[in-house]
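Asks:
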Amino acid sequence: MKTDYFVGEEGLLKLLTDYQPTFEMIDDYGQQMMQGILSTPEDYKTCLDKMTGAYVSIEPLFTMAVAYKENEETRLWVGLKRELEEKGEKITAASLDREASALVAMPRRVRAVLEGYVESCSKAIGTCQTQLKRIEFEIKNQNNKTAG
Numbered sequence: 017m018k019t020d021y022f023v024g025e026e027g028l029l030k031l032l033t034d035y036q037p038t039f040e041m042i043d044d045y046g047q048q049m050m051q052g053i054l055s056t057p058e059d060y061k062t063c064l065d066k067m068t069g070a071y072v073s074i075e076p077l078f079t080m081a082v083a084y085k086e087n088e089e090t091r092l093w094v095g096l097k098r099e100l101e102e103k104g105e106k107i108t109a110a111s112l113d114r115e116a117s118a119l120v121a122m123p124r125r126v127r128a129v130l131e132g133y134v135e136s137c138s139k140a141i142g143t144c145q146t147q148l149k150r151i152e153f154e155i156k157n158q159n160n161k162t163a164g
């Protein structure tokens, strides 16, 4: 279950490992787009299907990662505040913010990785849809010219 990834740093590392093939596939299609390798309707349909599948798979993880990072940061902030209060030390919100923020580096990293790949999938999906429409239009115009 996808929520199992959000039970500590080990779970987050497992998420990155388990989804590495998906990330590499997204990167590979990004390179193909940059190099102009995709050209046929079939190329774009395959890319569209794979990017849509990747998006559907990792977008919920991204949403969970955002919530997990925010919850962990709040939990740590409150814990640090209580600890300082118990010691009778002076508390400043800015220092608590920085310290709590530093303690959620791994959840922040995972959130950022997922966010980047969700955005990449989204852009690739839009590009594939646009290119398929363009190719369809060109084929239709060629057929109209030869028929006429």
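Per this note's numbering, residue 17 is the first one in the sequence shown, and the count goes up by one each step.
Yeah, the Cβ is synthetic: ideal placement off N, Cα and C, and Gly gets one too.
Just so it is clear, the structure is predicted and the values come from calculations on it, not from any experiment.
So, under 8 Å CB-CB, Pro123 and Leu31 are touching, yes? Tell me the CB distance rounded to an integer number of Å.
Replies: What you label residue 123 is simply residue 107 of the sequence shown in a count that begins at 1. What you label residue 31 is simply residue 15 of the sequence shown in a count that begins at 1. Rounded, the Cβ-Cβ distance is 11 Å, inconsistent with contact.
Asks: First and last residue of the alpha helix (DSSP H) that includes Ile53?
Replies: Here residue 53 corresponds to residue number 37 of the sequence shown, with the count starting at 1. No alpha helix (DSSP H) holds Ile53; DSSP gives it neither H nor E.
Asks: Report, in whole angstroms, the separation of the C-beta atoms of Ser136 and Ile42, which I expect to be a contact under 8 Å.
Replies: Position 120 of the sequence shown, counting from 1, holds the residue named residue 136. Position 26 of the sequence shown, counting from 1, holds the residue named residue 42. Their Cβ separation, rounded to whole angstroms, is 5 Å, which keeps Ser136 and Ile42 in contact under 8 Å.
Asks: By Cβ distance below 6 Å, which residues in the same chain neighbour Met80 in space, the five residues on each side in sequence not counted?
Replies: Residue numbering aside, residue 80 sits at position 64 when the sequence shown is read from its first letter. The residues are Phe22.
Asks: Just how far apart, CA to CA, sit Lys85 and Ile151?
Replies: Position 69 of the sequence shown holds residue 85. Position 135 of the sequence shown holds residue 151. Each residue's alpha carbon lies about 43 Å from the other.
Asks: What span of residues does the alpha helix (DSSP H) with Glu25 cover, start to end?
Replies: Numbered from its first residue, the sequence shown carries residue 25 at position 9. Looking at the DSSP string, the run of the alpha helix (DSSP H) that includes Glu25 is 25–34.
Asks: Between which two residues does the alpha helix (DSSP H) containing Glu115 stretch?
Replies: Here residue 115 corresponds to residue number 99 of the sequence shown, with the count starting at 1. Taken as a continuous stretch (DSSP letters only), the alpha helix (DSSP H) holding Glu115 covers 109–119.
Asks: Rounded C-beta distance between Met67 and Tyr45? I'm assuming under 8 Å.
Replies: Taking the first residue of the sequence shown as 1, we reach residue 67 at position 51. Taking the first residue of the sequence shown as 1, we reach residue 45 at position 29. That belief holds up - the Cβ atoms of Met67 and Tyr45 are roughly 7 Å apart, short of 8 Å.
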